[in-house]
Amino acid sequence: FFFVMMRVGALLVLGLAVVSATVFVPTAYRVGQGPPPFPHVPMNKHHFNVTMSDGVVLTSTLYTLKDVQIHDTKLAITHQSFPYGAMTEKFIALLWGLSPLLKLQKRHGLLLTHTRGSAPNSGRFPGFRQTRDVQEWVAWLQRQPWYNGVLFSTGLSAMGVMSYLSAMVGVPVKAQSVSIAGADEYRLIYRNGAYRALLVNSMLEFVGQPSYNLTYVAHEAPSDWWSATNLAGHYDDVKWPALHQAGWYDAFLQDTLDVYHNYRTHASSDVRDLQFLIVGPNGHCFGGGAIKWDEGKTKQLQLLGSVIEAVLFGVLSAADTPLKFTLGLDLLKVLFKPVPRAFWYVMGPGLEGSKGNWIA
16 FFFVMMRVGA LLVLGLAVVS ATVFVPTAYR VGQGPPPFPH VPMNKHHFNV TMSDGVVLTS
76 TLYTLKDVQI HDTKLAITHQ SFPYGAMTEK FIALLWGLSP LLKLQKRHGL LLTHTRGSAP
136 NSGRFPGFRQ TRDVQEWVAW LQRQPWYNGV LFSTGLSAMG VMSYLSAMVG VPVKAQSVSI
196 AGADEYRLIY RNGAYRALLV NSMLEFVGQP SYNLTYVAHE APSDWWSATN LAGHYDDVKW
256 PALHQAGWYD AFLQDTLDVY HNYRTHASSD VRDLQFLIVG PNGHCFGGGA IKWDEGKTKQ
316 LQLLGSVIEA VLFGVLSAAD TPLKFTLGLD LLKVLFKPVP RAFWYVMGPG LEGSKGNWIA
C-alpha cells in the first residue's frame, strides 16, 4: 500500500511538472493526414499469431520500451483492437511511448490486435461485431508468461468503440481511456434513421473495407441484428474507472456524452464516481472546428487527459488481485476527491472564441 502511495505521489509530481513546463503530449490526431514529427522513442516490437475458435488467425503486436525485455519481467498491458494500417499503428505506438505513465513505470506494454479481415489477417471484416474475438484474445493473453494480470483498454474512434463494447463479454479491464467514440453502433451509423453516408463510407475507405457499407444498408431498420454492438443493458458490467474525451464538433459528441452518463449512473457503484469527461473545441480525431480557439487552453485540456490517464493506470498497474484493485480504487477516490469529474472548453463571444474555461 505504501509503495502504491509513493508511486501515485510521484505520478502527481510528474503531472504538475509537465503542466508547469507546458509540455504537450498529444493523445490523438486527424485521421488520414499521417503523423506529425515526433521524437524517436526506442521500442521493442514483438509479433504474435492468435488463433480464434473458427480457425481465423489474428496478428497482435506488442510494444515495450527498449530496455524492457519480456522474457524476464511481467507487464501491465494496454490493449487496442486495431483496424488501421501500418502508418497509423506506428503513430499510436509513438504516442504510447511518449505518455507520462512510462516516465516512471516502464513495465508496461502496448498490445495492438489487428481485427479479422484487416491486413494481414484472414476472415471477413466484421465491423464492430468483434466481441467474441476480443473475448478469445483475452483468454490467450491470460496464458502469456509476460502478462501480470492487469489489463487497460484504450482507443479513439473505431478503436474506442471496441473498447466500450468489450464490457459486453466481461473483459477484465482495470481502467479505460476512450476518445471520440460511442457504444451503440446503430446510432453511430444511422442518425435519426438516416444513413450517415459521408462519415461511414469515409471510415470504411480508411480501413480498406469500402464494400462493408452494403452490410449496413441491408440492416437499415433497427433490429436485433444491432444488439450485438450496443452496450445498453450491459453498463452494470462496467467495473472500472474511465476517462472519456470528446469534441464539440465531433460527429460522435452525443454518443460519448451518453456513454459517460451511463457509466456514471449504471456502472458498478464502486466506480461511478471515478468517471471523468473532457470536452474540447475540436472535431473528430481532434481536427479543427468551425471557429478558432485558444491553442494553449486546448493543449492544457489534452494534457489534463494525459495526466488523468497516467494516474488511473499508474495506481492500478499492480492491481492483479481483487484486494489490490479495491485498495487502488479507494486510493483513487482520495486522490481525485477535490478534482471535478467533467471539464469542457467554453467558447466566448466573437468568431475568434475565448481563452476558454474549465467548468464542472
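Residue numbers for the sequence shown follow our numbering, beginning at 16 and rising by one.
Where a beta carbon is used, it is the ideal one built from N, C-alpha and C, also for glycine.
- Is the CB-CB distance between Phe143 and Val176 below 8 Å? Your numbering for residue 143 matches position 128 in the sequence shown. Your numbering for residue 176 matches position 161 in the sequence shown. It is a contact, given that the beta carbons lie within the stated cut-off.
- Message: Please tell me whether Tyr360 and Pro296 are closer than 8 Å, where the distance is taken between their beta carbons.
- Response: The sequence position of residue 360 within the sequence shown is 345, counting from 1. The sequence position of residue 296 within the sequence shown is 281, counting from 1. In contact: Tyr360 and Pro296 (Cβ atoms closer than 8 Å).
- From the DSSP output, read off the bridge partner residues of Phe291. To locate residue 291, count along the sequence shown from 1; it is residue 276. According to DSSP, Phe291 bridges with Leu258.
- Query: Which stretch, first to last residue, makes up the beta strand (DSSP E) that contains Ala190?
  - Reply: If you number the sequence shown from 1, residue 190 lands on position 175. For Ala190, the enclosing beta strand (DSSP E) has its first and last residue at Val188 to Ser194.
- Considering Val72, what are the terminal residues of the beta strand (DSSP E) in which it resides? Within the sequence shown, the letter at position 57 stands for residue 72. It spans Val72 to Leu80 - the beta strand (DSSP E) in which Val72 sits, taken as one unbroken run.
- Query: With distances taken from CA atoms, which of Arg287, Ala266, Asn228 and Arg211 is nearest Ala257?
  - Reply: Working through the sequence shown from its first residue, we reach residue 257 at position 242. Comparing Cα-Cα distances from Ala257 to each of Arg287, Ala266, Asn228 and Arg211, the minimum goes to Arg287.
- Specify the secondary structure class of Pro50 as computed by DSSP and reduced to three states. Along the sequence shown, read from residue 1 onward, the residue named residue 50 stands at position 35. Residue placement at Pro50 is flagged as unreliable, the pLDDT there being 43, under the threshold of 50; the coordinate-derived value follows with that caveat. Reduced to three states, the DSSP call for Pro50 is coil.
- Message: For Ala2 and Ala196, what's the separation of their Cα atoms in angstroms?
- Response: The structure shown does not extend to residue 2, since the chain is modelled only from 16 through 375, so no value can be given for it.
- Message: Between which residues of its own chain and Pro51 is the CB-CB distance below 6 Å, once the five residues before and five after are set aside?
- Response: Position 36 of the sequence shown, counting from 1, holds the residue named residue 51. For Pro51, the predicted structure reports a pLDDT of 47, less than 50, and the residue's modelled location is therefore unreliable. A value from the coordinates is still provided. Beyond the five residues adjoining it in sequence on each side, Pro51 comes within less than 6 Å, by CB distance, of no other residue in the same chain.
- In whole angstroms, what separates the C-alpha of Leu346 from that of Leu166? To locate residue 346, count along the sequence shown from 1; it is residue 331. To locate residue 166, count along the sequence shown from 1; it is residue 151. Cα-Cα distance, rounded: 19 Å.
- Query: Who pairs with Trp359 in a beta bridge, going by DSSP?
  - Reply: In the sequence shown, residue 359 corresponds to position 344, counting from 1. According to DSSP, Trp359 bridges with Val294.
- Message: Beta-carbon within less than 7 Å of Met174's beta-carbon, same chain only, minus the 5 sequence neighbours each way: which residues are those?
- Response: Indexing the sequence shown from 1 puts residue 174 at position 159. Same-chain partners within the cutoff: Gln95, Ser96 and Phe97.
- Tell me whether Thr37 is buried or exposed, calling it buried when 16 or more other Cβ atoms sit within 10 Å of its Cβ. Counting from one through the sequence shown, the residue named residue 37 turns up at place 22. Its pLDDT being 31, under 50, Thr37 is placed unreliably in this model, and the coordinates cannot settle the point.
- Query: On the three-state DSSP scale, how would you describe Arg206?
  - Reply: Counting from one through the sequence shown, the residue named residue 206 turns up at place 191. Strand, per DSSP.
- Query: Could you check where the alpha helix (DSSP H) with Tyr179 kicks off and where it finishes?
  - Reply: Here residue 179 corresponds to residue number 164 of the sequence shown, with the count starting at 1. From DSSP, the alpha helix (DSSP H) with Tyr179 extends over Ala173 to Leu180.
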